[in-house]
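Here the structure is laid out as structure tokens; the discussion comes afterwards.
Numbering (the numbering used here), first residue to last: 236 to 546.
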């Protein structure tokens with residue numbers, strides 16, 4: 236399946252559409268934010284970060300989304316208002332607070348941006364109020380987070396999506412999404428730390444795509460940020476910071492090579508590094524798949540066409 240959110244298409248066979256990439260802005264601890272509750276931030280730097288992501292997106296052909304993180308309803312409104320005033324890119328509404336996310340979709344609906352909105356996320360902890368808000372404000376696209384605390388295997392994620400898990404959620408997350416009116420589910424395989432389920436999480440990408448046909452992706456860099464050895468090396472080895480940055484950026488390739496369609500790559504500052512790396516991976520996948528299957532052709536704006544065949 237291929238879903239269109241705003242001006243971005245997400246999904247399809249590996250090698251057909253370029254990987255969509257979402258960079259996070261206004262995240263916890265983001266230096267451009269001076270008051271996270273009121274949503275006060277450096278507008279010039281924020282604009283430059285968003286424009287830089289769009290610039291490198293145009294260069295590689297990988298479509299971009301903006302992952303808006305907020306700590307309060309007031310800040311969420313300000314962030315959405317600012318972001319939509321300078322960019323046509325779709326955006327994710329993200330927060331650790333349900334009321335903040337609800338306010339986000341409410342405001343997006345009020346100002347006519349709901350078709351560009353991706354809710355993050357429908358997961359086992361979603362509240363009835365969130366489900367109601369998704370329906371009332373007609374949210375069509377949402378991340379479906381397959382975090383199963385009782386079973387980190389591929390089967391555990393499939394069960395969570397299709398039938399629910401005893402003691403976790405009474406029915407499948409896809410059923411919850413349908414009841415809420417979400418018609419564009421984007422499956423996040425919920426990457427866990429290395430040694431705690433990172434491998435099965437990534438492996439579930441191609442199983443979910445094969446069984447359900449839905450777009451699949453993740454924030455695979457989270458496996459790196461939670462890697463104890465690397466966190467210690469970052470502080471104790473002279474080259475530790477460079478090592479951590481290299482692993483963080485390179486980890487995003489794994490989601491592409493597993494057949495993924497989108498990556499939540501972390502801080503938007505990393506766009507100039509992440510986009511070329513993903514464009515390279517996309518090109519390798521496209522070349523491999525097209526060499527074996529004549530009917531799978533990379534779309535016109537695919538990195539393989541833009542950065543390889545045209546050179």
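All C-beta atoms in this analysis are idealised placements derived from N, C-alpha and C, irrespective of residue type, glycine included.
| Query | Result |
| --- | --- |
| Since I believe residue 254 is in contact with residue 497 (beta carbons under 8 angstroms), could you give me their beta-carbon distance rounded to a whole number of angstroms? | 6 angstroms |
| What residues in its chain sit with their C-beta under 8 angstroms from that of residue 454, if we drop five residues either side in the sequence? | 423, 426, 498, 499, 500, 501 |
| Please report how far the alpha carbon of residue 433 lies from the alpha carbon of residue 458, in whole angstroms. | 6 angstroms |
| Determine the direct distance from the alpha carbon of residue 514 to that of residue 386, and round the result to whole angstroms. | 33 angstroms |
| Going by beta carbon distance, what residues of the same chain come within less than 7 angstroms of residue 428, once the five residues before and after it are set aside? | 458, 461, 462 |
| Would you kindly report the start and end of the unbroken alpha helix (DSSP H) that includes residue 409? | 408–414 |
| Using 8 angstroms as the threshold, is the stretch 501–510 in touch with the stretch 520–527, meaning 3 or more CB pairs across them? | no |
| Could I get the ranges of all uninterrupted beta strand (DSSP E) runs contained in the stretch 451–477, with 3 residues as the minimum, in chain order? | 451–453 |
| Which whole-angstrom value describes the C-beta separation of residue 340 and residue 369, a residue pair presumed to lie in contact below a C-beta threshold of 8 angstroms? | 7 angstroms |
| Could you check what DSSP says for residue 267 in three-state terms: helix, strand or coil? | coil |
| Label residue 331 either buried or exposed according to how many other C-beta atoms from any shown protein chain fall within 10 Å of its C-beta, with 16 as the threshold for buried. | exposed |
| Comparing alpha-carbon positions, which option in 485, 544, 268, 347 lies nearest residue 280? | 268 |
| Tell me whether residue 440 is buried or exposed, calling it buried when 16 or more other Cβ atoms sit within 10 Å of its Cβ. | buried |
| Give the DSSP-derived three-state secondary structure of residue 348 in the structure shown. | coil |
| Taking the straight line between their C-alpha atoms, what separation do you get for residue 351 and residue 468? | 40 angstroms |
| Grouping DSSP H, G and I as helix and E and B as strand, with all else coil, what is residue 251? | coil |
| Can you tell me where the alpha helix (DSSP H) holding residue 284 begins and where it ends? | 278–295 |
| Keeping to the same chain, check which residues put their C-beta closer than 7 angstroms to that of residue 273; ignore five residues upstream and five downstream. | 309, 310 |
| Checking 8 angstroms against the spacing of the C-beta atoms, do residue 538 and residue 242 come in under that value? | no |
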